[in-house]
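This report concerns only the one structure given below.
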Amino acid sequence: MADNNSKAAQYWSTNLRLILGSLVVWAFVSYGCGILFRPLLSGISVGGADLGFWFAQQGAILSFIGIIFFYAWRMNKLDKEMGLEE
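For the sequence shown, UniProt numbering begins at 1 and goes up steadily by one.
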């Protein structure tokens with residue numbers, strides 16, 4: 001019973017760390033690159049627009065989709081490590 005509790009605690013600890021890391025990346029790309037650092041990125045051109053604008057319009061969406069796939073892949077790997085795969 002104690003082993004199951006420690007395994008569950010380790011699972012949720014790893015899951016929360018993964019969630020927090022994903023949120024940090026999402027916030028950096030969405031708010032950092034798209035809003036806060038936009039003046040610094042304005043000299044770099046991507047598809048005819050500056051990089052800050054691109055992150056605000058396209059990059060944040062593509063990053064979010066990448067985070068979703070990374071989270072699903074990593075959680076499947078964690079489930080296999082913990083013996084919880086479907």
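Note that CB positions come from ideal geometry on N, CA and C, so glycine has one too.
Which same chain residues end up closer than 8 Å to residue i when comparing Cβ atoms and leaving out the 5 residues on each side of it in sequence?
i	result
Met75	Asn15 and Leu18
residue 120	The displayed coordinates of the chain run from 1 to 86. Any statement about residue 120 would go beyond what the structure contains.
Tyr11	Leu78, Met82 and Leu84
Pro39	Gly52
Quick one: what does DSSP say residue i is sitting in, helix, strand or coil?
i	result
Ser42	coil
Under 6 Å Cβ to Cβ from residue i, same chain only, skipping five residues before and after it: list those, please.
i	result
Ser22	Ile67 and Tyr71
Trp54	Val46
Ala56	Gly34
Ile44	Leu51
Return the Cβ separation of residue i and residue j in integer angstroms, given the expectation that the two are a contact with Cβ distance under 8 Å.
i	j	result
Val29	Gly59	6 Å
Residue range of the alpha helix (DSSP H) that residue i falls in?
i	result
Glu81	Ala60 to Met82
Phe37	No alpha helix (DSSP H) contains Phe37, which DSSP labels as neither H nor E.
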